[in-house]
Structure formats: structure tokens, C-alpha cells
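Chemist: Have a look at this one before I ask anything.
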Amino acid sequence: MNKQTISQDQLIVLFFVYLTGSVIVNLPGPLIGFAHNGVWISLLLSGTVAMIQLLLVLYLDKEYPGQSFSEYSQAVLGTWPTIVIVIPFISLLFEMSTDIVHEVGKYANSSLMRQTPQYIFDIFIFTTVAITVRAGIEVMSRMFTILIFIMMLFIVLTLLFSIPNYHTEFLFPILPDGIKPVLHGAYLSYGFTHAEPVLLALLLPFVRRPTRNLHKKLVIVFGISIILLIAVAIATILVFGPLAGERKYSMVEVARMIDLQPIQRVEFIVGIALIVGSYMKACITIFILNQLVVRICKLKDEKVFILPLTFINMISAFLLQRSEAKLSEHITVILPIWKLTGFTIPLLLVVAIHLLKKMLGLQKTPTK
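Our numbering puts the sequence shown at residues 218 to 585.
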């Protein structure tokens, strides 16, 4: 089977989709609940940590051009140590894809079609995701370019139309309870989204080589995604003030407050943007999960595991029943630790061993 390739611009689109996706609608509300008015500081702190991880991924891509994380991990650590560090990696991808679809299904069930059982939404979304992933990364990148443009247009228009509802006095004081809530917010945002740049390492092998300024563009796009998250979080505070942390789907709630004749009921458009963003992120997550399994098993057919993996995720979504208290504990405590051990530590380990072998003259890197 011929391996599909994408241009560097298409990779940038996929990376931006993954960084924003559903996060731009889902994250600000819960994050404000912890960090309060210092939410932008939390995002800058977690964004800085994520930027360091991104730079490490790009360094490894420079050292091992055209290879994925699993491939150069085997070159650096060996086969069995790689399998050991990949197990939590795979478990996290399962958890993430299940959570993404489950949450968007819960939103559709609670806000749009309350009489429809949630499993109907889960089945529909997972089926669509499986079909999309089987179409390949090239089709995904082309389609997502249009969808992310429309989604960002909705978000930007919502921010602009909400200007009459902004109250600048809500932005102060910035640190009413000191620095601890800000650090807690940074920990939350790290676990929610900013521990994930390592996943880029499984998309980089699909880029046509040689690339021109790709690494620089990826860093710029990452910076833009942080600015967008900060803008959405600040807009939520400007509209709701002390109540901003109680708004779960913050951009949907901000859109609900828009009352510019004849523009009304904008929240349904933002709700559609949430569903589309979650769908795109779920597609990329399952694509990465499939690629990791295929490369570890060294299979020639890259599509053989797509349907089984999606089916397992769908069954997990059916069985996933968390109360609000359990969900809060999962997001604020378990998920950051899980991503630290599953994403960050393996990346740091591979980089450290690679540098050590390079210093000792034991590591042979591919010819660039």
C-alpha cells in the first residue's frame, strides 16, 4: 500500500486543528473556575512547558527525519523499552478519543436534542470518524482546512459581536487569592491540552521532504493557538465576571448573551463549531492511535486496525459513566499525571538517552 503524504501546510492545519479543536470551547470555563482572573497567566505557564516539548519533538525530527516517535524510540532505547513506554502512550490515546466523543455526545444530548439517547450521538460520531480516518491523512487535511476556517470564523465573530457585553472591570483583581490558583490552573491546562505536542511526532513522517521553515511555522502556529485560548478565556471573564468559572461550555454561553437585532440564538452556531472541532480532534487522535499500533506491530496494511480501534473506543464511551465530581477529579488530578507519565516523561527519556549516546559517540543518526 502506498503511503499517503501531505504538504507542510496541510500538516500545519492538522496541528492547529488538534491544538484548538474542541478545547477552545471546552477549556476556558473550567480553567477560569480554578485560576479565576489569572487564567491567562496559567495558559502562558502551561503553554511555555508545551513549547519546550514541541521544541524537543522538532529536535528529534531534525535528528531522525521522516521517522515517527515509535521508530526513533526503538533506535534510541531498543524494542522492549519502547514497548514499555508506548503502553501508557496508547492507553492515553484510547482515553482521549473516548472522552472527546463522549463529551460532545453529552453536549448534544443535554443542549440540542434532549429526547435522543446519548449513545445515538456516540454511534454516529464514531462511525463518521472511522470513515474519515480510513479515507487517509491527505483527505483529512484537505477537509479540515475548510472546517477549521469556518469554525474559527464563528469563534472570532462571536468575540466581536460580544463586545457590547464586555465589562473591563471584571478583569481585576488579577490575583485575588494569590499565585496558587494560577499554578493549579496551569496544571489543569497542561493536562487538558498542553501535554500533547508530542503527538506531532506521529504526524511528521507523513510530510513530503524536504521541508522549508516547517519547524518555525509550527512554533508560530502553536503561539497563535495559545493567544486564541487566552482571548476566549478573557472574553468569558469580560462577559460573566465572577460567574465565568461556572460556565462549562464558555463560548456557547458567551454566544447566548449576544442580542444584536436581527442576530439572535448564535449559541447554536457555536455549538455546531464545538461538535465539528471535537469530530476533527477525534479523527486525528484515532489516526495517531492507529499509526502507533501499526508501527509497533510492523504491519503493511495501515487500515486494518482502524475499525477495531474505533469500535473499542465506542464501547468504552457507552460504558463511561462519570458523575460531575468524578469528572472533575479525572480532569484536575488524574489526567495531568497520566499525561505526564504517558507523554512527557517518555519524550524526555528519549531525548536524554539520544543526547547521552551522541555525546559518547554511540548514536548514529540518519543522513539528512
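Where is the CB? At the ideal position from N, CA and C, for every residue including glycine.
It should be emphasised that the depicted structure is a prediction, and the values quoted were computed from it without experimental measurement.
P422: buried (16+ other C-beta within 10 angstroms of its C-beta) or exposed?
Modeler: Buried.
Chemist: Around the Cβ of V373, are there at least 16 other Cβ atoms within 10 angstroms (buried) or fewer (exposed)?
Modeler: Flag for V373 reads exposed.
Chemist: Using only the alpha-carbon positions, how far apart do K397 and G250 sit?
Modeler: Each residue's Cα considered, the two are about 13 Å apart.
Chemist: Going straight from the alpha carbon of L310 to that of K556, what length do you get?
Modeler: So the alpha carbons of these two residues sit roughly 10 Å apart.
Chemist: Could you tell me how far apart the beta carbons of I354 and I223 are, in whole angstroms, since I believe they sit closer than 8 Å?
Modeler: Right, their Cβ atoms sit about 6 Å apart.
Chemist: G578 by DSSP, collapsed to three states: which one?
Modeler: Reduced to three states, the DSSP call for G578 is coil.
Chemist: Determine whether the beta carbon atoms of V493 and L364 lie at a separation below 7 Å.
Modeler: Their beta carbons are under 7 Å apart, which means V493 touches L364 by this criterion.
Chemist: Please confirm if L516 has its CB atom under 7 Å from at least one CB of chain D.
Modeler: Judged by its chain identifiers, the structure shown contains no chain D, having just a single protein chain.
Chemist: What distance in whole Å lies between the Cβ atoms of L248 and L405, which are believed to be in contact at a cut-off of 8 Å?
Modeler: 6 Å between Cβ atoms; contact.
Chemist: Cβ of V350 within 7 Å of Cβ of C514?
Modeler: No, the pair does not count as a contact, with Cβ atoms beyond the cut-off.
Chemist: Would you identify the three-state DSSP class for V424, choosing helix, strand or coil?
Modeler: It is a strand residue.
Chemist: So, is N254 buried or exposed, given that buried needs 16 or more other C-beta atoms within 10 angstroms?
Modeler: Label assigned to N254: buried.
Chemist: What is the rounded straight-line gap between the Cα of I337 and the Cα of A347?
Modeler: When rounded, the distance between both Cα atoms is 16 Å.
Chemist: Quick one: grab the DSSP three-state call for I505.
Modeler: Looking at I505 - three-state DSSP - the assignment turns out to be helix.
Chemist: Going by the DSSP bridge assignment, what does L477 pair with across the sheet?
Modeler: The partner list for L477 (beta bridge, DSSP) reads I480.
Chemist: For a test of the three-state rule: what should DSSP assign to I396, helix, strand or coil?
Modeler: In the structure shown, I396 sits in coil (DSSP, three-state: anything other than H, G, I, E or B).
Chemist: Where are the alpha helix (DSSP H) runs, 4 residues long or more, that stay fully inside the segment 288 to 329, in chain order?
Modeler: 296 to 324, all fully within the segment 288 to 329.
Chemist: With F371 and V240 assumed to form a contact (beta carbons below 8 Å), what rounded beta-carbon distance in angstroms separates them?
Modeler: Contact flag wrong, Cβ pair sits at about 15 Å.
Chemist: With DSSP as the reference, label I391 as helix, strand or coil.
Modeler: Residue state, collapsed to three classes: coil.
Chemist: Identify the continuous alpha helix (DSSP H) that holds R351 and give its terminal residues.
Modeler: Q335 to A352 is the span of the alpha helix (DSSP H), which, as asked, contains R351.
Chemist: Indicate, with yes or no, if the ligand SAM has a heavy atom lying under 6 Å from the CB of L400.
Modeler: By its list of ligands, the structure shown contains no ligand whatsoever, and the ligand SAM lies outside what it can speak to.
Chemist: Per DSSP, which one or two residues make a beta bridge with I223?
Modeler: Note: I223 sits in a beta bridge opposite V424.
Chemist: How would you call W257, buried or exposed, if buried means at least 16 neighbouring beta carbons within 10 angstroms?
Modeler: Result: buried.
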